[in-house]
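Structure, as structure tokens:
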Amino acid sequence: MAQQLNQLRETASQTAGPYVHIGCVPNFSGISGVYDEDLGIAMVNEKTAGERIVIEGRVFDGTGTPLKDSLIEIWQADSQGLYNSPSEMRGTADPNFTGWGRQAMDMDTGVFRFETVKPGRVPFLDGRLQAPHVSLWIVARGINLGLNTRMYFADEEAANAEDPVLVRIEHQVRVPTLMATRKGDTYHFDIYLQGESETIFFDI
Amino acid sequence: MGNAKPETGAFFPRNRSLHPKAFTPDYKTSVVRSPQKALLSLNDTISEITGPVFGHEILGEKDNDLILNFARPGESALGERIVVHGRVLDERGRGVSGALLEFWQANAGGRYRHAKEGYIAPLDPNFGGCGRTITDDDGYYSLRTVKPGPYPWPNGVNDWRPSHIHFSVFGHGFAQRLITQMYFEGDPLIPLCPIARTITDQAALDQLIAPLDMANTIPMDARAFKFDIVLRGRRSTLFENRMEGN
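Protein chains in written order, with my numbering: chain R, 56 to 259; chain H, 843 to 1088.
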């Protein structure tokens, strides 16, 4: 018999459920006085470097109905392409930019909205540059394990055309599901959980 | 974070067989919310390896005490007083320091403080139902609360959730992000619950059940339950090819 690997098993996921707001955005859900403010609500302040943008969209289920009880987290590099994380070894990110945001969608309209900056480019495993992108994590009632996807910027055509992740997608017809379209300072990004235009989700 | 050197390795591939599948028709809401196409495999880049980390300075004194953090001065939440404690570990068995844990739950009668909640059990004016803490250098955490009650929910005509506490866990990388639920040892509703049963690997479900921990029970005050949480581990980067200039 060989030695044991002695590796533990990851704790299994369970759905965030309909009341995820209580734990993650209690002020949003009407529970005030416990935390000063909900974590992740503000990503930028007046000193944050880079181009200010808004990311806005909805998440649709397989019937085309927008989810109204979901929670989305985003994680992105700063305007210079650095992550505000202890594991970032290439430099020091903008201290006025958290890189991480968390928003519940509006309980009536299903719209989510992040005020952030446009991220710079970060390297792929082999050193090639990736196109600017935002990582997303979506949880909700009925979602058993949080869904990972990425948002790219449709107006970054040259960078997208050489992005190491995008170019290796077999079904290029699905690539537009990862593209946010610009109108003014707002990038619009809808997510489809099922159907013909199902968003590409990643196993990361 | 202590004095440990930040880790920069890629995460072990996720063992998806121990997680629930996306499409679990006995849990009805999953039917139209489950992606149907294959996930696209992505080897971790710096976007997945890094993640937000939070400092202990964000915490208020009562953040991990649900008995008091919403209660009126001099009062406390109703119900069975319990302590939940344990460690956040990674798959290599190492304690994860500086991990933010957020938790939420129903009150002792099984009622959530939420606009969309309509169960007839009453709200407790002294119980909000949310809390948070950050692990210490060894990955250890604890919280104090009241044991949440079971409650009926609209799925089947007579489905009941077992008593449970929701946990949201941040490690050090975005790919470690996890939300799960903790159940209580001996609860007969666990094997009946369509949400618990989305996990088909029995050992993985057992890992969500916190045992009574009499050694850490506070005499004449609160029982203790132990709940360890395992996040994805990282590869060693010793022999990995490094990018030029990195």
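Ideal Cβ positions, reconstructed from N, Cα and C, are used throughout, including at glycine.
(message) the ligand MN and R/TYR90: does the residue's C-beta get closer than 8 Å to at least one heavy atom of that ligand?
(response) For the structure depicted, the ligand MN is absent and the ligand set is empty, with no information on it obtainable.
(request) Would you mind sorting H/GLY1087 into buried or exposed? The rule is 16 or more other CB atoms within 10 Å of its CB. (result) Along the second sequence, one-based indexing puts residue 1087 of chain H at 245. Residue placement at H/GLY1087 is poorly supported in this model, since its pLDDT is 39, which falls under 50; the coordinates are not used for a value here.
(message) If we define contact as Cβ-Cβ less than 9 Å, is H/PHE853 a contact residue for chain R?
(response) Along the second sequence, read from residue 1 onward, the residue named residue 853 of chain H stands at position 11. Closer than 9 Å to the CB of H/PHE853 there is at least one CB belonging to chain R.
(request) Measure the beta-carbon distance from H/ARG986 to H/PHE945 and round it to whole angstroms, keeping in mind my assumption that it falls under 8 Å. (result) In the second sequence, residue 986 of chain H corresponds to position 144, counting from 1. In the second sequence, residue 945 of chain H corresponds to position 103, counting from 1. Contact doesn't hold; Cβ gap of about 11 Å is too wide.
(request) Could you tell me which of H/SER859, H/GLY940, H/ALA963 sits nearest to R/THR66, measuring between CA atoms? (result) As a position in the first sequence, residue 66 of chain R is number 11, starting the count at 1. Ranking H/SER859, H/GLY940, H/ALA963 by Cα distance to R/THR66 puts H/SER859 first.
(message) Helix, strand or coil for R/ILE255? Go by DSSP, reduced to three states.
(response) For this step, residue 255 of chain R is matched to residue 200 along the first sequence. R/ILE255 falls in the coil class under three-state DSSP.
(request) Classify H/ARG1003 as helix, strand or coil using the three-state DSSP reduction. (result) In the second sequence, counting from the first residue as 1, residue 1003 of chain H sits at position 161. Strand.
(message) Considering only the alpha carbon of each residue, which of R/GLY197, R/TRP192, R/PHE208 lies closest to R/PHE244?
(response) In the first sequence, the residue the question calls residue 244 of chain R occupies position 189. Of R/GLY197, R/TRP192, R/PHE208, the residue nearest in Cα terms is R/PHE208.
(request) Indicate the three-state DSSP secondary structure (helix, strand or coil) for R/MET206 in the structure shown. (result) Here residue 206 of chain R corresponds to residue number 151 of the first sequence, with the count starting at 1. Three-state DSSP puts R/MET206 in a strand.
(message) Less than 9 Å between the beta carbons of R/ALA195 and R/SER125, yes or no?
(response) Residue 195 of chain R sits at position 140 when you count from the first residue of the first sequence. Residue 125 of chain R sits at position 70 when you count from the first residue of the first sequence. Less than 9 Å separates the beta-carbon of R/ALA195 from that of R/SER125.
(request) Determine the extent of the alpha helix (DSSP H) in which R/ALA216 is found, giving its start and end residues. (result) Locating residue 216 of chain R in the first sequence gives position 161, where the first residue counts as 1. Where R/ALA216 is concerned, the enclosing alpha helix (DSSP H) stretches over 212–216.
(request) In angstroms with no decimal places, state the Cα-to-Cα distance between H/PRO867 and R/GLU106. (result) Locating residue 867 of chain H in the second sequence gives position 25, counting from the first residue. Locating residue 106 of chain R in the first sequence gives position 51, counting from the first residue. Distance between the alpha carbons of H/PRO867 and R/GLU106 is about 44 Å.
(message) I'd like to know if the segment 69–80 of chain R and the segment 1017–1034 of chain H are in contact, where contact means that at least 3 CB-CB pairs between them fall below 8 Å.
(response) Touching, yes.
(request) Would you give the residue range spanned by the alpha helix (DSSP H) that R/HIS76 belongs to? (result) To locate residue 76 of chain R, count along the first sequence from 1; it is residue 21. Run containing R/HIS76: 75–79, per the alpha helix (DSSP H) assignment.
(request) Decide yes or no for the touch test of the segment 1041–1058 of chain H against the segment 849–863 of chain H: beta carbon pairs closer than 8 Å, at least 3 of them. (result) They touch, by the three-pair rule.
(message) Suppose the cutoff is 8 Å on Cβ atoms and the five residues either side in sequence are ignored; what does the same chain contact list for R/GLY201 look like?
(response) Translated into the one-based positions of the first sequence, residue 201 of chain R becomes position 146. The residues are SER68, ALA71, TRP192, ILE193, VAL194.
(request) Specify whether the segment 1006–1013 of chain H and the segment 933–950 of chain H touch according to this definition: at least 3 beta carbon pairs, one from each stretch, less than 8 Å apart. (result) Put simply, the segment 1006–1013 of chain H touches the segment 933–950 of chain H. At least three CB pairs are less than 8 Å apart.
(message) Could you compute how far the alpha carbon of H/ASP1001 sits from the alpha carbon of H/ILE1032?
(response) By one-based count along the second sequence, residue 1001 of chain H stands at place 159. By one-based count along the second sequence, residue 1032 of chain H stands at place 190. Their backbone Cα atoms lie some 11 Å apart in a straight line.
(request) Can you tell me which of H/PRO964, H/ALA913, H/VAL895 puts its alpha carbon nearest to the alpha carbon of H/ALA941? (result) Working through the second sequence from its first residue, we reach residue 941 of chain H at position 99. Nearest C-alpha to H/ALA941: H/VAL895.
(request) Please decide whether H/THR987 counts as near chain R, where near means a Cβ-Cβ distance under 9 Å. (result) As a first step, residue 987 of chain H must be located in the second sequence, where it is residue number 145. It does not: the Cβ of H/THR987 has no partner Cβ on chain R nearer than 9 Å.
(message) Quick check on the DSSP output: the alpha helix (DSSP H) that includes R/VAL220 runs from which residue to which?
(response) Residue numbering aside, residue 220 of chain R sits at position 165 when the first sequence is read from its first letter. Note, R/VAL220: alpha helix (DSSP H), 219–222.
(request) Using alpha carbons as the reference points, say which of R/ALA132, R/ILE127, R/LEU137, R/PRO141 lies closest to H/GLY897. (result) Your numbering for residue 897 of chain H matches position 55 in the second sequence. With distances taken between Cα atoms, H/GLY897 lies closest to R/PRO141.
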